[in-house]
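J.: Basically the working numbering = 1-based index in the first sequence + 176. If you scroll down you'll find the structure; I have some questions about it.
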Amino acid sequence: MLDMKYIRANPELVKAGAAKKRIALDLDAILALDERVRAGITETDRLRAEQKNASKSIGAAAPADRPRLAEEQKAQKAQLKEKEEELAKLQAELHQLLLRVPNVPAAEVPEGRDDSENIEVKKWGTPRQFDFEPRDHIALGEAQDWIDVERGARIAGSRNYFLKGDLCLLEGAMMRYALELMVSRGFTPLSVPTLVRKDIMVGTGYFPGGEEQAYRCDERDDLCLVGTAEVPVTALHQDEILDLKDLPKRYVALSSCYRREAGTYGKDTRGLYRVHQFQKVEQVIVDVADAQRSIEHHHVIVSNAEDVLQALGLPYRIVNVCGGDLGAPQIQKFDIETWMPSRKGYGETHSASRFHEYQARRLNMRYRDADGVVRVCHTLNNTVAASVRMLIALLENHQNADGTVTLPACLRPYMGGRERIGKPL
RNA sequence: GGAGAGAUGGCGGAGUGGCCGAUCGCGCCGCCUUGCUAAGGCGGUGUACCCGCAAGGGUACCGAGGGUUCGAAUCCCUCUCUCGCCGCCA
Numbered sequence: 177m178l179d180m181k182y183i184r185a186n187p188e189l190v191k192a193g194a195a196k197k198r199i200a201l202d203l204d205a206i207l208a209l210d211e212r213v214r215a216g217i218t219e220t221d222r223l224r225a226e227q228k229n230a231s232k233s234i235g236a237a238a239p240a241d242r243p244r245l246a247e248e249q250k251a252q253k254a255q256l257k258e259k260e261e262e263l264a265k266l267q268a269e270l271h272q273l274l275l276r277v278p279n280v281p282a283a284e285v286p287e288g289r290d291d292s293e294n295i296e297v298k299k300w301g302t303p304r305q306f307d308f309e310p311r312d313h314i315a316l317g318e319a320q321d322w323i324d325v326e327r328g329a330r331i332a333g334s335r336n337y338f339l340k341g342d343l344c345l346l347e348g349a350m351m352r353y354a355l356e357l358m359v360s361r362g363f364t365p366l367s368v369p370t371l372v373r374k375d376i377m378v379g380t381g382y383f384p385g386g387e388e389q390a391y392r393c394d395e396r397d398d399l400c401l402v403g404t405a406e407v408p409v410t411a412l413h414q415d416e417i418l419d420l421k422d423l424p425k426r427y428v429a430l431s432s433c434y435r436r437e438a439g440t441y442g443k444d445t446r447g448l449y450r451v452h453q454f455q456k457v458e459q460v461i462v463d464v465a466d467a468q469r470s471i472e473h474h475h476v477i478v479s480n481a482e483d484v485l486q487a488l489g490l491p492y493r494i495v496n497v498c499g500g501d502l503g504a505p506q507i508q509k510f511d512i513e514t515w516m517p518s519r520k521g522y523g524e525t526h527s528a529s530r531f532h533e534y535q536a537r538r539l540n541m542r543y544r545d546a547d548g549v550v551r552v553c554h555t556l557n558n559t560v561a562a563s564v565r566m567l568i569a570l571l572e573n574h575q576n577a578d579g580t581v582t583l584p585a586c587l588r589p590y591m592g593g594r595e596r597i598g599k600p601l
């Protein structure tokens, strides 16, 4: 959420930002409503002050006079109540509108309508030239009895799966490697709730707007399944005023992630590219409101992810996500796409976002700066390693002609020291 | 799931209808006293919003939301959370 004061001071910037993101926004309606709200506040404050003074003088008056004076206050009270109700309604309306005002994208975000216009900013590694006919991860996984999508679907519907045997272990190995790498870099590991209250979904910017993508248990329990550990981790310090000396906060969390994938029928139906549930290690940074420091953190969290991919020996590219493909909350986003032979292309495995105070303001997460002034934090996050999508890349890129898969050195300690998995087919 | 106790400022802890945005203590900040240290004295010390060029003024907030009242931290209702007890489950 943007600060109303900022919007008032920079309406053209906000409008241009929404336009760059291709998000419809009637800012003038918001500005007009804001005027009415402020006038309402001034008015109710004045009436309340009168009311308070009158009450005080009743308390000070002779007891005999009090009933008469109290009687006279009743009309005032009714008027105040009416104004208050009117104001509360306007404020609620304004708040709802503000929740939908998109964050202003950075100047370095490219113009563009959709992901086809994202700009590649880096490429690492060379897609492997196979001297045999490579299998895709499903063919390989089923032949090795590593993947069972049929029973997954029977038990939980389409886009659900079982991982078995060494692939199950490999998933754990990759998660553990990613987690430990981040811990070695000073990130605090967290085990987090994956069911969160609806206001946390609002606080992190997923609601309103993303309701269709979330599994919801809120009818009975007001809880939603998170699509990423970003949600509980970013919200960890909700409603807190943090000490400057404790910033930045660096967290890493492994969690299950749940996505409804509404509106993707017929898209990526083969294999495990698009699934309803997966494991992910996520990194989150909370720091002071300093644009330059946010940019530095952004680079760091991207390079953390790059280090994982490089250690895994997976070719990837980084794209600077264009305005039209950017979500409402982000200032800027870099997606990392990993080479997947079966797609004959790069598939998104990481998403590094910079928010400035958009999330922190909604979460009411602040800190006291060196001058003692309370300010709203900045937040960022990025994937470290995402299961299934990166398992696809691992299996497909590192497969051998005989159907075995060579393990990257960094994962071997987590796989009993083995160099490869799978039986010759 | 059942019966109970509690929730006040950074912390501790008063406060049972008007003099309470809240005594006091600790902590913290500033100044002062005192060779140093220890100790002491004085003053200050929440968040948000509105009006104002500013100085300043105003409003709200005592877990959350409603209610009673001219007036609520204080009375009533609902909810949440915390703590310990019983039951159930792991």
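In this text, a Cβ means the ideal position worked out from N, Cα and C, and glycines have one as well.
Suppose you measure from the CA of Met177 to the CA of Trp322; what does that come to, to the nearest Å?
T.: Distance between the alpha carbons of Met177 and Trp322: 44 Å.
J.: From Met591, Asn480, Leu448 and Trp515, pick the residue whose C-alpha is nearest to that of Asn336; which is it?
T.: Closest by alpha carbon: Leu448.
J.: If you run the structure through DSSP and keep just helix, strand and coil, what is Pro187?
T.: Looking at Pro187 - three-state DSSP - the assignment turns out to be helix.
J.: Let's test the definition: count the other Cβ atoms within 10 Å of the Cβ of Tyr522 and tell me whether it reaches 16, buried, or not, exposed.
T.: It counts as buried.
J.: How about the region 222-229 and the region 525-545: do they share at least three Cβ pairs that are nearer than 8 Å?
T.: No contact exists between the region 222-229 and the region 525-545.
J.: Quick one: Cα of Gly193 to Cα of Leu570, how far?
T.: Looking at the two C-alpha atoms, the distance is approximately 38 Å.
J.: What would DSSP say about His473, mapped onto helix, strand or coil?
T.: It is helical.
J.: State buried or exposed for Gly328, treating a residue as buried only when at least 16 other CB atoms are found within 10 Å of its CB.
T.: Its Cβ being crowded by 16 or more others within 10 Å, Gly328 is buried.
J.: Asn229: buried (16+ other C-beta within 10 angstroms of its C-beta) or exposed?
T.: Asn229 comes out exposed.
J.: Can you tell me the Cα-Cα spacing of Ala354 and Val407, whole angstroms?
T.: So the two alpha carbons sit approximately 19 Å from each other.
J.: Considering only residues of the region 405-491, which uninterrupted beta strand (DSSP E) runs meet the minimum length of 3 residues and lie entirely inside it, listed in chain order?
T.: Here the runs fully enclosed are 417-419, 425-434 and 453-463.
J.: With distances taken from CA atoms, which of Glu262, Val495, Glu416 and Ser360 is nearest Arg544?
T.: The option with the nearest alpha carbon to Arg544 is Glu416.
J.: What three-state label does DSSP hand Cys586 in the structure shown?
T.: Reduced to three states, the DSSP call for Cys586 is helix.
J.: Using C-beta distances below 8 Å, list every residue in its chain close to Gly341, excluding the 5 sequence neighbours before and after it, in chain order.
T.: If we look at Gly341 and ignore the five residues flanking it on each side, its Cβ neighbours are Gln320, Asp321 and Trp322.
J.: Below 6 Å CB to CB, which residues in the same chain sit around Ile183 once its five sequence neighbours on both sides are set aside?
T.: Around Ile183: Val190.
J.: Have a look at Ala467, Thr514, Leu601 and Thr380 and flag the residue whose alpha-carbon is nearest the alpha-carbon of Gln535.
T.: It is Thr380 whose Cα lies nearest to the Cα of Gln535.
J.: Take every Cβ of the region 244-257, pair it with every Cβ of the region 470-487, and state whether three or more of those distances are shorter than 8 Å.
T.: These segments do not touch.
J.: Spatial neighbours of Ala561 within its chain, please: CB distance less than 6 Å, with the 5 preceding and 5 following residues excluded, ordered by chain position.
T.: Hits under 6 Å: Met350, Ala354, Val457 and Val484.
J.: Let me check understanding here. Comparing Cα to Cα, which of Met180, Arg450, Gly439 and Ile461 lies closest to Arg426?
T.: That would be Ile461, whose Cα lies nearest to the Cα of Arg426.
J.: Would you tell me roughly how many angstroms separate the C-alpha atoms of Thr475 and Ile597, rounded to the nearest one?
T.: The sequence given here has His at residue 475, not Thr. C-alpha separation (whole angstroms): 34 Å.
J.: Output the boundary residues of the beta strand (DSSP E) element that contains Glu524.
T.: Note, Glu524: beta strand (DSSP E), Gly521 to His532.
J.: Could you check whether His313 and Ile512 sit closer than 9 Å to each other, using their CB atoms as the reference points?
T.: Not closer than 9 Å, so no.
J.: Using the Cβ count rule (16 or more neighbours within 10 Å means buried), how would you classify Pro281?
T.: It counts as buried.
J.: Alpha carbon to alpha carbon, how far is Tyr492 from Ile471? Give it in angstroms, no decimals.
T.: Going from the Cα of Ile471 to the Cα of Tyr492 covers about 22 Å.
J.: By Cβ distance, which residues of its chain are closer than 8 Å to Gln414, with the 5 residues on each side in sequence left out?
T.: Contacts found: Ile376, Gly379, Leu539, Asn540 and Met541.
J.: Under the three-state reduction of DSSP, which class applies to Pro243: helix, strand or coil?
T.: Helix at Pro243.
J.: Is the separation between the beta-carbon of Gly333 and that of Gln486 shorter than 9 Å?
T.: Not closer than 9 Å, so no.
J.: Could you check whether Thr220 and Leu270 sit closer than 9 Å to each other, using their CB atoms as the reference points?
T.: Result no, Cβ atoms of Leu270 and Thr220 do not sit closer than 9 Å.
J.: Can you find the residues in the same chain that come closer than 8 Å, C-beta to C-beta, to Arg537, ignoring five residues on each side of it along the sequence?
T.: Answer for Arg537: Met177, Leu178, Asp179 and Val552, listed in chain order.
J.: Extract the residue ranges of the beta strand (DSSP E) inside the region 331-400, only unbroken runs of 3 or more that lie entirely within it.
T.: Counting whole runs of 3 or more residues, the region 331-400 contains the beta strand (DSSP E) stretches 364-366 and 371-373.
J.: Between Tyr590 and Pro584, what straight-line distance do the alpha-carbon atoms span, to the nearest angstrom?
T.: Each residue's Cα considered, the two are about 11 Å apart.
J.: Taking a contact to mean a Cβ-Cβ separation below 9 Å, would you say Tyr434 touches Gly403 in this structure?
T.: The answer is yes: Cβ separation under 9 Å.
J.: Hey, could you find the ends of the beta strand (DSSP E) Lys197 is sitting in?
T.: Element bounds for Lys197: n/a, residue is neither H nor E.
J.: Where DSSP assigns a beta bridge to Lys298, which residues make up the other side?
T.: Beta-bridge pairing links Lys298 to Ile494.
J.: Confirm, please, whether the CB-CB distance from Glu326 to Leu339 is below 9 Å.
T.: Going by C-beta atoms, Leu339 is not nearer than 9 Å to Glu326.
J.: According to DSSP, is His574 helix, strand or coil?
T.: DSSP places His574 in coil when its eight states are reduced to three.
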